[in-house]
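Enquirer: Quick note: the sequence shown, position 80, residue 80 per UniProt numbering, numbers continuous.
I have a structure I would like to understand better, so I am pasting it below and will then ask my questions one at a time.
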Amino acid sequence: MMLFLGIITYFSALAAAGNALQCIKCHSSSPFTCNGTNVTCPPGYVCGSLYEELSNGVESHSSFNRGCYPLQECHFKGLFTIGDEGHYAQMRTAAECCYTDGCTPPLPAIMRSSNGLACPVCTSHSSITCNSSRTINCTGEENRCFLLTHESTGNGPPYLSALRGCATQSYCNRGNYSHSDGRTTTKFTIICTSGDISIQNFLLTPVIVCLLLLRWI
Numbered sequence: 001m002m003l004f005l006g007i008i009t010y011f012s013a014l015a016a017a018g019n020a021l022q023c024i025k026c027h028s029s030s031p032f033t034c035n036g037t038n039v040t041c042p043p044g045y046v047c048g049s050l051y052e053e054l055s056n057g058v059e060s061h062s063s064f065n066r067g068c069y070p071l072q073e074c075h076f077k078g079l080f081t082i083g084d085e086g087h088y089a090q091m092r093t094a095a096e097c098c099y100t101d102g103c104t105p106p107l108p109a110i111m112r113s114s115n116g117l118a119c120p121v122c123t124s125h126s127s128i129t130c131n132s133s134r135t136i137n138c139t140g141e142e143n144r145c146f147l148l149t150h151e152s153t154g155n156g157p158p159y160l161s162a163l164r165g166c167a168t169q170s171y172c173n174r175g176n177y178s179h180s181d182g183r184t185t186t187k188f189t190i191i192c193t194s195g196d197i198s199i200q201n202f203l204l205t206p207v208i209v210c211l212l213l214l215r216w217i
């Protein structure tokens with residue numbers, strides 16, 4: 001479950017710069033049960049919703065956040081697929097903004113037809129190296145192979161993780177993210193290519209994802 005929470009942390013941080021709007025701030029597993037209090041947004045932010053769903057085709061976990069979002073993160077839709085040990089999981093994300101409360105973005109559709117691209121797939125929960133000869137067939141608009149790594153340092157041993165799979169270009173465009181609260185520094189990095197991501201390049205790259213795929217991986 002920690003990897004799933006890491007995914008949410010990464011994309012929520014990126015989606016979390018005008019008029020000072022009053023927006024509802026809340027977090028829930030469903031847009032129908034997300035209730036909270038009004039908060040004042042900083043300049044350049046608007047009211048928005050971020051809806052994410054992680055599914056393996058049998059069961060799914062959803063996360064819905066409502067609050068203040070920077071304008072550049074509005075109207076985002078993306079999808080990526082990862083797999084390990086014969087299983088797979090797909091992460092769908094949609095962000096929508098408005099100048100009033102209550103907007104709920106639709107999730108992007110899942111396309112099941114193969115698009116001809118095959119990407120390496122693997123996960124690591126203890127290292128930023130993730131090597132595998134296995135591949136997964138990408139579908140729909142997932143036309144990029146990605147490498148997502150996460151590194152968190154501070155008190156105690158560092159936390160490292162890595163993930164590889166298929167992604168839409170929209171995920172690749174979101175870029176890297178880092179944050180420090182004075183005690184812990186968290187760094188995320190994403191690398192995308194039109195084909196295989198070489199292990200050599202992987203080893204030279206520090207960082208990204210705190211993705212802990214649910215219990216099926």
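Built from N, CA and C at the ideal position, the CB exists for glycine as well.
Keep in mind it's a predicted model, so treat the numbers as computed, not measured.
Do Cys68 and Pro42 have their beta-carbon atoms positioned less than 8 Å apart in this structure?
Expert: Residue 42 sits at position 42 when you count from the first residue of the sequence shown. Residue 68 sits at position 68 when you count from the first residue of the sequence shown. Taking 8 Å as the Cβ cut-off, Pro42 and Cys68 qualify as a contacting pair.
Enquirer: With hydrogens ignored, establish whether the beta-carbon of Ser170 is closer than 7 Å to any heavy atom of the ligand SAH.
Expert: No copy of the ligand SAH occurs in the structure displayed, which carries no ligand at all.
Enquirer: So, with DSSP's three-state summary, where would you put Glu73?
Expert: Walking along the sequence shown from the start, residue 73 turns up at place 73. Note: Glu73 maps to helix in three-state DSSP.
Enquirer: Our contact map puts Asn137 next to Ala89 with C-beta atoms below 8 Å; I'd like the distance itself, whole angstroms only.
Expert: Counted from its first residue, the sequence shown places residue 137 at position 137. Counted from its first residue, the sequence shown places residue 89 at position 89. Between Ala89 and Asn137 the Cβ distance is about 15 Å, and since that is not below 8 Å, they are no contact.
Enquirer: Rounded to a whole number of angstroms, what is the C-alpha to C-alpha distance between Cys34 and Phe64?
Expert: As a working mapping, residue 34 is identified with position 34 in the sequence shown. As a working mapping, residue 64 is identified with position 64 in the sequence shown. Cα to Cα, Cys34 sits roughly 7 Å from Phe64.
Enquirer: To the nearest angstrom, report how far apart Ile191 and Cys166 are at their CA atoms.
Expert: Counted from its first residue, the sequence shown places residue 191 at position 191. Counted from its first residue, the sequence shown places residue 166 at position 166. Distance between the alpha carbons of Ile191 and Cys166 is about 11 Å.
Enquirer: Which first and last residues belong to the alpha helix (DSSP H) in which Cys172 is found?
Expert: Counting from one through the sequence shown, the residue named residue 172 turns up at place 172. Per DSSP, Cys172 belongs to the alpha helix (DSSP H) from Gln169 to Cys172.
Enquirer: From Asp101 to Glu59, what does the alpha carbon distance come to, in whole angstroms?
Expert: Residue 101 sits at position 101 when you count from the first residue of the sequence shown. Residue 59 sits at position 59 when you count from the first residue of the sequence shown. Each residue's Cα considered, the two are about 30 Å apart.
Enquirer: Could you work out which residue in Ala118, Glu73, Ser114 and Met111 is closest to residue 258 when comparing CA atoms only?
Expert: The structure shown has nothing for residue 258, since the chain only spans 1 to 217.
Enquirer: Taking 6 Å as the limit between beta carbons, can you name the residues of its chain near Gly83, skipping five residues before and five after?
Expert: Residue numbering aside, residue 83 sits at position 83 when the sequence shown is read from its first letter. Closer than 6 Å at Cβ, skipping near neighbours: Val121 and Ile136.
Enquirer: Roughly how many angstroms separate the alpha carbons of Cys145 and Arg164, rounded to a whole number?
Expert: Taking the sequence shown and counting its residues from 1, one reaches residue 145 at position 145. Taking the sequence shown and counting its residues from 1, one reaches residue 164 at position 164. The straight-line gap from Cα to Cα measures roughly 7 Å.
Enquirer: Extract the residue ranges of the beta strand (DSSP E) inside the UniProt domain "UPAR/Ly6" (115-196), only unbroken runs of 3 or more that lie entirely within it.
Expert: 122-124, 135-139, 144-153, 159-167, 177-180 and 185-193
Enquirer: Helix or strand or just coil, what does DSSP make of Thr33?
Expert: Here residue 33 is taken as the residue at index 33 of the sequence shown, counted from 1. Three-state DSSP puts Thr33 in a helix.
Enquirer: Is it buried or exposed, Ala20, if we count other Cβ atoms within 10 angstroms and call 16 or more buried?
Expert: Walking along the sequence shown from the start, residue 20 turns up at place 20. The residue in question, Ala20, is exposed, as its Cβ has fewer than 16 Cβ neighbours within 10 Å.
Enquirer: Give the straight-line distance between the Cα atoms of Pro157 and Ser113, rounded to the nearest whole angstrom.
Expert: Translated into the one-based positions of the sequence shown, residue 157 becomes position 157. Translated into the one-based positions of the sequence shown, residue 113 becomes position 113. C-alpha separation (whole angstroms): 43 Å.
Enquirer: Given that a residue counts as buried once 16 or more other Cβ atoms are within 10 Å of its Cβ, and exposed if not, what is Ile208?
Expert: Locating residue 208 in the sequence shown gives position 208, counting from the first residue. Model confidence at Ile208 stands at a pLDDT of 30, short of 50, so the residue's coordinates are unreliable and nothing is read from them.
Enquirer: Within the same chain, show all residues whose beta-carbon is closer than 7 Å to that of Gln169, passing over the 5 residues directly before and after it, in chain order.
Expert: Counted from its first residue, the sequence shown places residue 169 at position 169. Cβ neighbours of Gln169 beyond the five flanking positions: Asn143 and Arg144.
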